[in-house]
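The working numbering applies: residue -1 is where the sequence shown begins, and numbers increase by one.
Note that beta-carbon positions come from the ideal geometry of N, C-alpha and C, so glycine has one too.
Given the structure is predicted, the values throughout are model-derived calculations rather than measurements.
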Amino acid sequence: MLTASTFKNRRKYMKTYLITGSTSGLGLEIVKNLAKNKENRVIMAIRNLNRGREITRETGSNVEAVQLDLSQLSNIRQFIQKWDTQIDGLINNAGVQFVDHTKFTPDGYEETIAVNHLAAFMLTIGLQPYIKKEGRILFIGSGTHNPNYPYGKMYGFRGAQYTSIDELLRGKSGAGNTKQKNLDRYATSKFLNTITAVELSKRFKNTSSYVLDPGLMPGTGLARRQNKIIQFLWRNIMPAMRFLLPDTSSTKKSAGAAAWIMTTPHIQNKPGTVFSYNKKPSVYVWKDNVFDEKIGAAIYEDSMKVIGEF
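The structure is reproduced here in structure tokens:
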């Protein structure tokens, strides 16, 4: 079992947080932010344990790593079945985005939807019994899910293209070349993250679910699959220009917002709220669909059919 004794550090902490996708970018900054408080225990659920060990050495004894491959449902299931540690918060930060090819997981599912949505959904459902009363769940969203998001079009996004969980997992998508379809898949996965948080806020009585829209964060690894020119601009030019770019943040600022959502004793906003990196409710939520009860219920039920019972 993944109990408290599984981890090297036996010290008792006030709070325990589990975060996925935390070896770089936003996730790593969230780890660092939470770990500043030595009363917090931060557990990174990651694929690369060697990188995790490097981070634990850099950040301190209250950061630990455990292996998890979000691209395989069987691995997620095993992780959940072995888990037996109470946590105060779960942060579903892991995410992927592809550009010039379509990739499928070992389960045969399109990887963007499988990792960004289904894996986060499965992990949340499976670990919910271990989240303490008044605990919190955080999903990472994006304004790109909204077809009316004014800045998404600058980068080729046209909003979520939701049809059904089954079709999305099979790689079915709308018109366009491979790059456009992958942009659509990413935007759709962020829509699924957002509406899942809203739906779970209704179904989980003692646990609050929220969404963080971190804004555009130049310098992160999200552009690692773009061409070399875009990668160069993303890493070296745009970070210095972020104050001039609309709806643009930094990993540190957005991580601060994530930590605020997870640790603030009494958040005035109701569960299911989508926050921006400025700690205020996002103005870029596709409200007509994100808060549609029929769509939310369908996504929940269809996703449950795929992951099965625990």
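> Do three or more CB pairs link the segment 66 to 76 to the segment 148 to 155 at distances below 8 Å?
Replying inline: Using a Cβ-Cβ distance cut-off of 8 Å, the segment 66 to 76 and the segment 148 to 155 are not in contact, since fewer than three pairs of beta carbons, one from each stretch, lie closer than that value.
> According to DSSP, what are the bridge partners of residue 76?
Replying inline: Reading the sequence shown from its first residue, position 78 is the one you call residue 76. According to DSSP, which records beta bridges pairwise, residue 76 is partnered with nothing at all.
>> Can you give me the C-alpha to C-alpha distance between residue 14 and residue 39, rounded to a whole angstrom?
In response: One-based indexing of the sequence shown puts residue 14 at position 16. One-based indexing of the sequence shown puts residue 39 at position 41. Each residue's alpha carbon lies about 5 Å from the other.
> What's the gap between the Cα of residue 204 and the Cα of residue 282?
Replying inline: Residue numbering aside, residue 204 sits at position 206 when the sequence shown is read from its first letter. Residue numbering aside, residue 282 sits at position 284 when the sequence shown is read from its first letter. Taking the CA atoms as reference points, residue 204 sits about 28 Å from residue 282.
> Near residue 85, which residues of its chain fall below 8 Å by C-beta distance, leaving aside the five closest residues on each side in sequence?
Replying inline: Start at 1 with the first residue of the sequence shown, and residue 85 comes out as number 87. In its chain, beyond the 5 residues on either side, 14, 15, 16, 41, 125, 128, 129, 130 and 133 have a beta carbon closer than 8 Å to the beta carbon of residue 85.
>> Within the continuous beta strand (DSSP E) that includes residue 43, where are the two ends?
In response: For the purposes of this step, residue 43 is taken as the residue at position 45 of the sequence shown. DSSP places residue 43 in the uninterrupted beta strand (DSSP E) bounded by 38 to 44.
> If we ignore side chains and look at the alpha-carbon of each, how far apart do residue 138 and residue 194 end up?
Replying inline: Here the question's residue 138 lines up with position 140 in the sequence shown. Here the question's residue 194 lines up with position 196 in the sequence shown. When only Cα atoms are considered, residue 138 and residue 194 end up about 11 Å apart.
> Looking at C-alpha atoms only, which residue of 196, 12 and 172 is the closest neighbour of residue 185?
Replying inline: Indexing the sequence shown from 1 puts residue 185 at position 187. The residue with the shortest Cα to Cα distance from residue 185 is 172.
>> Using 8 Å as the threshold, is the C-beta distance between residue 199 and residue 279 below it?
In response: Numbered from its first residue, the sequence shown carries residue 199 at position 201. Numbered from its first residue, the sequence shown carries residue 279 at position 281. Annotated as distal: residue 199 and residue 279, with beta-carbon spacing of 8 Å or more.
>> According to DSSP, simplified to helix, strand and coil, what is residue 21?
In response: Counting from one through the sequence shown, the residue named residue 21 turns up at place 23. For residue 21, the secondary structure class from DSSP, reduced to helix, strand or coil, is coil.
> Can you round the beta-carbon distance between residue 209 and residue 272 to whole angstroms, since I take them to be within the 8 Å contact cut?
Replying inline: Residue mapping note: residue 209 aligns to position 211 of the sequence shown, counting from 1. Residue mapping note: residue 272 aligns to position 274 of the sequence shown, counting from 1. Contact flag correct, Cβ pair sits at about 4 Å.
> Is the segment 167 to 182 close to the segment 90 to 104, with three or more CB pairs under 8 Å?
Replying inline: A contact between stretches requires three or more CB pairs, one per stretch, nearer than 8 Å, and the segment 167 to 182 meets this requirement with the segment 90 to 104.
> Contact check, residue 61 vs residue 29 under 8 Å by CB: the rounded distance?
Replying inline: Start at 1 with the first residue of the sequence shown, and residue 61 comes out as number 63. Start at 1 with the first residue of the sequence shown, and residue 29 comes out as number 31. Contact annotation, residue 61 with residue 29: C-beta distance approximately 6 Å; criterion of less than 8 Å satisfied.
> Looking at the unbroken beta strand (DSSP E) that takes in residue 122, where does it start and where does it end?
Replying inline: The count along the sequence shown starts at 1 and reaches residue 122 at position 124. For residue 122, there is no enclosing beta strand (DSSP E); the enclosing alpha helix (DSSP H) covers residues 118 to 125.
> What are the start and end residues of each continuous alpha helix (DSSP H) run of 4 or more residues lying completely inside the segment 175 to 222, in chain order?
Replying inline: Here the runs fully enclosed are 176 to 201.
> If you count every other CB in all the chains shown that lies within 10 Å of the CB of residue 109, and 16 or more means buried, which is it?
Replying inline: Within the sequence shown, residue 109 is the residue found at index 111, counting from 1. Flag for residue 109 reads buried.
>> Since residue 136 and residue 213 should fall inside the 8 Å C-beta cutoff, what is the C-beta to C-beta distance between them, to a whole number of angstroms?
In response: Looking up residue 136 in the sequence shown gives position 138. Looking up residue 213 in the sequence shown gives position 215. In this structure, residue 136 and residue 213 do not form a Cβ contact; the two beta carbons are roughly 15 Å apart against a cut-off of 8 Å.
> Helix, strand or coil for residue 55 per DSSP?
Replying inline: Taking the first residue of the sequence shown as 1, we reach residue 55 at position 57. DSSP places residue 55 in helix when its eight states are reduced to three.
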